[in-house]
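Novice: Just so you know, the sequences run in chain order A and B. Residue 26 is where the first sequence starts when you use my numbering, and the numbers rise one by one after that. Residue 26 is where the second sequence starts when you use my numbering, and the numbers rise one by one after that.
There are 2 protein chains.
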Amino acid sequence: MNVPNSPSVSPTEGAAKLPAHEQVYQRLRAQILFGELAPGQAVTIQGLVEALDSGMTPVREAIRRLISDGALVFQGNRRVSVPELRAEDVDELIFARKTVECELARRASTRMPETDVDALEALDLTLDTAIATGDVPGYLALNYQFHTELNAHADAPILADLADRLWLRFGPSLRVVCGRFGTQSFPDRHKDILEGLRKKDADLVALAMERDVLQGMEQVRAGLTPIN
Amino acid sequence: MNVPNSPSVSPTEGAAKLPAHEQVYQRLRAQILFGELAPGQAVTIQGLVEALDSGMTPVREAIRRLISDGALVFQGNRRVSVPELRAEDVDELIFARKTVECELARRASTRMPETDVDALEALDLTLDTAIATGDVPGYLALNYQFHTELNAHADAPILADLADRLWLRFGPSLRVVCGRFGTQSFPDRHKDILEGLRKKDADLVALAMERDVLQGMEQVRAGLTPIN
DNA sequence: TTGCTCAGAATATGATCAAAAATGGGACTG
DNA sequence: CAGTCCCATTTTTGATCATATTCTGAGCAA
Numbered sequence: 026m027n028v029p030n031s032p033s034v035s036p037t038e039g040a041a042k043l044p045a046h047e048q049v050y051q052r053l054r055a056q057i058l059f060g061e062l063a064p065g066q067a068v069t070i071q072g073l074v075e076a077l078d079s080g081m082t083p084v085r086e087a088i089r090r091l092i093s094d095g096a097l098v099f100q101g102n103r104r105v106s107v108p109e110l111r112a113e114d115v116d117e118l119i120f121a122r123k124t125v126e127c128e129l130a131r132r133a134s135t136r137m138p139e140t141d142v143d144a145l146e147a148l149d150l151t152l153d154t155a156i157a158t159g160d161v162p163g164y165l166a167l168n169y170q171f172h173t174e175l176n177a178h179a180d181a182p183i184l185a186d187l188a189d190r191l192w193l194r195f196g197p198s199l200r201v202v203c204g205r206f207g208t209q210s211f212p213d214r215h216k217d218i219l220e221g222l223r224k225k226d227a228d229l230v231a232l233a234m235e236r237d238v239l240q241g242m243e244q245v246r247a248g249l250t251p252i253n
Numbered sequence: 026m027n028v029p030n031s032p033s034v035s036p037t038e039g040a041a042k043l044p045a046h047e048q049v050y051q052r053l054r055a056q057i058l059f060g061e062l063a064p065g066q067a068v069t070i071q072g073l074v075e076a077l078d079s080g081m082t083p084v085r086e087a088i089r090r091l092i093s094d095g096a097l098v099f100q101g102n103r104r105v106s107v108p109e110l111r112a113e114d115v116d117e118l119i120f121a122r123k124t125v126e127c128e129l130a131r132r133a134s135t136r137m138p139e140t141d142v143d144a145l146e147a148l149d150l151t152l153d154t155a156i157a158t159g160d161v162p163g164y165l166a167l168n169y170q171f172h173t174e175l176n177a178h179a180d181a182p183i184l185a186d187l188a189d190r191l192w193l194r195f196g197p198s199l200r201v202v203c204g205r206f207g208t209q210s211f212p213d214r215h216k217d218i219l220e221g222l223r224k225k226d227a228d229l230v231a232l233a234m235e236r237d238v239l240q241g242m243e244q245v246r247a248g249l250t251p252i253n
């Protein structure tokens, strides 16, 4: 799931040219999205400076961006931590994801060329093996990638951006769910989505997406820490 | 060792409670939201350091946050500027605002106490005078405040956050429209919204909000620069 | 318990380095 | 001979870091 850091091959272009604050942002973002940082966990600037072997300024900028993303919360005093999801938050996320991601799926169904559907299906097969083998990090990364690539084909950058932000909010909790129940409990609707994409049936895709979102979010709700 | 506590009176200033990067963020955000920065205008760090008489780090962090908000865009090379809205963007914004803000209005209609509806109505009266007198900055600020306070009463922080972000995207363009057509061309639906809030009629509020959003966004669409 | 002190972390500044845009001179072409 | 294009120089701006300053919260003493 990581970007292959091979700056030796392509000297002119590649990940090595990204500024440090961008690299720190991407890494931290991935860590949050895939649950390497637990909900409620404190995040300190100097801790990240040491952990990521970076300077202080890039870390600060990355943290600001992630706070704005809703992926981190600023706790009044100067403390920053990974947010903990509440039951009411899940209701909002369900509504927002249903409307935004269904619309994105609808748009993608009319714009996605056949070859890209093939690629998405191949991705979904890899996802299935990750589920079968209980590979939690792989499952989280591939599931996210499935939805992200679908959204990217909707040709709607603002909506895709909204969807991306929503994922950042429940990413840490999703990981908790997987840790508690395993990957077996995630019967997704990706096959239905793919079928709809092949038929270019927007309604079918939207319906399948709605079910996929609902199933995923109900799992998240079930995995919320009851009170403490 | 410091001088013992005398925090009662501060001799030099009174508003030093917020950290500098927060102050810079609020100011820049307001400038973008209310169109003091034109779409397409370049934003430089050092320019802001001089203009706001601040250090480099606070400006830098504020810019990162605003990029994450979608209020500024990072233009590949290290340049940052105020984004220019395109016709397709308006379509997305219409969809997103309609779904998100209508839901927020729906929720607010069942939760907003009578006294707060009164306050909102008073705000709307001030807004009317701003429209009548052609006070563009006042109109923009009060209109934003009307919607923000309504959203705040929905008890849905995630959705309210999404809505706030959407406003940042079309704020600069809204100012352009006002500069071109004046405030007279904005017949809002606030009266209908208020009526629905009084009756606690969620459907009525949602319908009025949908019309208000549509009217506003169509104005924005009409004011897009048709060049290139 | 209350108040003081102190260690440590966050905030903010300015300097330094690097990169990109702007500028200007020179050569080439019409 | 004039205009234009290209490339090197200059200058502006962004990125990063080391360091000083401020603030928070915990520990200790009365």
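Beta carbons are placed, not taken as given, at the ideal position from N, Cα and C, and that holds for glycine.
(1) Listing by chain order, which chain A residues have their CB less than 9 Å from the CB of residue 118(B)?
(2) Tell me whether residue 99(B) sits in a helix, a strand or coil according to DSSP, three-state version.
(3) Going by other Cβ atoms of all chains shown within 10 Å of its Cβ, with 16 needed for buried, is residue 76(A) buried or exposed?
(4) When you compare only the Cα positions, how much space is there between residue 124(B) and residue 227(A)?
(5) Could you tell me which uninterrupted alpha helix (DSSP H) segments, each at least 4 residues in length, are contained entirely in the segment 66-92 of chain B, listed from first to last along the chain?
(6) Any chance the segment 211-224 of chain A sits against the segment 145-156 of chain A, with 3 or more Cβ pairs inside 8 Å?
(7) Which residues in the same chain as residue 236(A) place their Cβ atom closer than 8 Å to its Cβ, once the five residues preceding and following it in sequence are excluded?
(8) Compute the distance between the beta-carbons of residue 24(B) and residue 115(B), then report whether it is under 7 Å.
(9) Have a look at 234(A), 78(A), 118(A) and 79(A) and flag the residue whose alpha-carbon is nearest the alpha-carbon of residue 220(A).
(10) Counting only C-beta atoms, is residue 89(A) closer than 7 Å to chain B at any point?
(11) Would the segment 88-99 of chain A and the segment 124-140 of chain A be scored as touching if the rule is three or more Cβ pairs under 8 Å?
(12) What is the DSSP secondary structure of residue 107(B), counted as helix, strand or coil?
(13) Are there three or more Cβ pairs, one per stretch, closer than 8 Å when the segment 49-66 of chain B is compared with the segment 155-175 of chain B?
(14) Note down, in chain order, each residue of its chain lying with its Cβ closer than 7 Å to the Cβ of residue 244(A), except the 5 sequence neighbours on either side.
(15) What residues of chain A sit near residue 121(B), judged by a beta carbon separation below 9 Å?
(16) Give every residue of the same chain whose Cβ lies closer than 7 Å to the Cβ of residue 131(B), excluding the five residues on either side of it in the sequence, and list them in chain order.
(17) Looking only at its own chain, which residues have a Cβ that is under 7 Å from the Cβ of residue 167(A), when we skip the five neighbours before and after it?
(18) So, for residue 100(A): in the same chain, excluding its five sequence neighbours on each side, which residues have a beta-carbon less than 7 Å away from its beta-carbon?
(19) Note down, in chain order, every chain B residue with its Cβ under 8 Å from the Cβ of residue 82(A).
(20) Is the Cβ-Cβ distance between residue 79(B) and residue 45(B) less than 7 Å?
(21) Anything in chain B within Cβ reach of residue 93(A), meaning under 7 Å, just list it in chain order.
(22) What do you get for residue 102(B), buried or exposed, if any count of 16 or more other CB atoms within 10 angstroms of its CB means buried?
(23) Applying the criterion that 16 or more other CB atoms from any shown protein chain within 10 Å of the CB defines a buried residue, is residue 140(B) buried or exposed?
(24) For residue 206(B), count the other beta carbons within 10 Å of its own beta carbon; 16 or more makes it buried, fewer makes it exposed. Which is it?
(25) So does residue 70(B) have its beta carbon nearer than 6 Å to some heavy atom of the ligand NAD?
(26) Classify residue 232(B) as helix, strand or coil using the three-state DSSP reduction.
(27) State buried or exposed for residue 104(A), treating a residue as buried only when at least 16 other CB atoms are found within 10 Å of its CB.
(28) Within the continuous alpha helix (DSSP H) that includes residue 198(B), where are the two ends?
(29) Out of curiosity, what's the CA-to-CA distance linking residue 109(A) and residue 118(A)?
(30) Using DSSP with H/G/I as helix, E/B as strand and the rest coil, what is residue 178(B)?
(31) So which residues of chain B does residue 114(A) contact, with C-beta pairs closer than 7 Å?
(32) Are residue 57(A) and residue 87(A) closer than 7 Å when you measure CB to CB?
(33) With DSSP collapsed to three states, give me the class of residue 213(B).
(34) The alpha helix (DSSP H) that contains residue 120(A), what's its start and end?
Specialist: The answer reads as follows:
(1) For the purposes of this step, residue 118(B) is taken as residue 93 along the second sequence, with counting starting at 1. 183, listed in chain order.
(2) As a first step, residue 99(B) must be located in the second sequence, where it is residue number 74. Residue state, collapsed to three classes: strand.
(3) One-based indexing of the first sequence puts residue 76(A) at position 51. The residue in question, residue 76(A), is exposed, as its Cβ has fewer than 16 Cβ neighbours within 10 Å.
(4) As a first step, residue 124(B) must be located in the second sequence, where it is residue number 99. As a first step, residue 227(A) must be located in the first sequence, where it is residue number 202. One C-alpha to the other measures close to 19 Å.
(5) 70-76
(6) yes
(7) Residue numbering aside, residue 236(A) sits at position 211 when the first sequence is read from its first letter. If we look at residue 236(A) and ignore the five residues flanking it on each side, its Cβ neighbours are 214 and 217.
(8) No answer is possible for residue 24(B): the residues shown for chain B start at 26 and end at 253.
(9) Here residue 220(A) corresponds to residue number 195 of the first sequence, with the count starting at 1. Residue 234(A) is the option with its Cα nearest to residue 220(A).
(10) Residue numbering aside, residue 89(A) sits at position 64 when the first sequence is read from its first letter. With 7 Å as the cut-off, residue 89(A) counts as an interface residue toward chain B.
(11) no
(12) The residue labelled residue 107(B) in the question sits at position 82 within the second sequence. In the structure shown, residue 107(B) sits in coil (DSSP, three-state: anything other than H, G, I, E or B).
(13) yes
(14) Taking the first sequence and counting its residues from 1, one reaches residue 244(A) at position 219. The answer, listed in chain order, is 202, 210 and 211.
(15) As a working note, residue 121(B) is residue 96 in the second sequence. Per Cβ cutoff of 9 Å: 124, 125, 128, 183, 184 and 187.
(16) Within the second sequence, residue 131(B) is the residue found at index 106, counting from 1. Hits under 7 Å: 227, 230 and 231.
(17) In the first sequence, residue 167(A) corresponds to position 142, counting from 1. Contacts found: 148, 151, 152 and 155.
(18) Within the first sequence, residue 100(A) is the residue found at index 75, counting from 1. For residue 100(A), where only same-chain residues beyond five positions count, the Cβ hits under 7 Å are 106.
(19) If you number the first sequence from 1, residue 82(A) lands on position 57. The contacting residues are 82 and 85.
(20) Here residue 79(B) corresponds to residue number 54 of the second sequence, with the count starting at 1. Here residue 45(B) corresponds to residue number 20 of the second sequence, with the count starting at 1. Yes, they are a contact pair.
(21) Residue mapping note: residue 93(A) aligns to position 68 of the first sequence, counting from 1. Near residue 93(A) (Cβ distances below 7 Å), the residues of chain B are 90, 93 and 94.
(22) If you number the second sequence from 1, residue 102(B) lands on position 77. With fewer than 16 Cβ atoms within 10 Å of its Cβ, residue 102(B) is classed as exposed.
(23) To locate residue 140(B), count along the second sequence from 1; it is residue 115. By the neighbour-count rule (16 or more Cβ atoms within 10 Å), residue 140(B) is not buried but exposed.
(24) One-based indexing of the second sequence puts residue 206(B) at position 181. Exposed, because fewer than 16 other Cβ atoms sit within 10 Å of the Cβ of residue 206(B).
(25) Absence of the ligand NAD is noted for the structure shown, with no ligands found whatsoever.
(26) Walking along the second sequence from the start, residue 232(B) turns up at place 207. Helix.
(27) By one-based count along the first sequence, residue 104(A) stands at place 79. With fewer than 16 Cβ atoms within 10 Å of its Cβ, residue 104(A) is classed as exposed.
(28) Translated into positions along the second sequence, residue 198(B) becomes position 173. 182-206 is the span of the alpha helix (DSSP H), which, as asked, contains residue 198(B).
(29) Taking the first sequence and counting its residues from 1, the one referred to as residue 109(A) is at position 84. Taking the first sequence and counting its residues from 1, the one referred to as residue 118(A) is at position 93. Near 13 Å, if we compare the C-alpha coordinates of residue 118(A) and residue 109(A).
(30) Sequence index remark: in the second sequence, residue 178(B) carries index 153 (1-based). It is coil, neither helix nor strand.
(31) Here the question's residue 114(A) lines up with position 89 in the first sequence. What residue 114(A) touches in chain B: 183.
(32) Position 32 of the first sequence, counted from the start, is the residue given in the question as residue 57(A). Position 62 of the first sequence, counted from the start, is the residue given in the question as residue 87(A). Result no, Cβ atoms of residue 57(A) and residue 87(A) do not sit closer than 7 Å.
(33) Sequence index remark: in the second sequence, residue 213(B) carries index 188 (1-based). Coil.
(34) For the purposes of this step, residue 120(A) is taken as the residue at position 95 of the first sequence. It spans 112-136 - the alpha helix (DSSP H) in which residue 120(A) sits, taken as one unbroken run.
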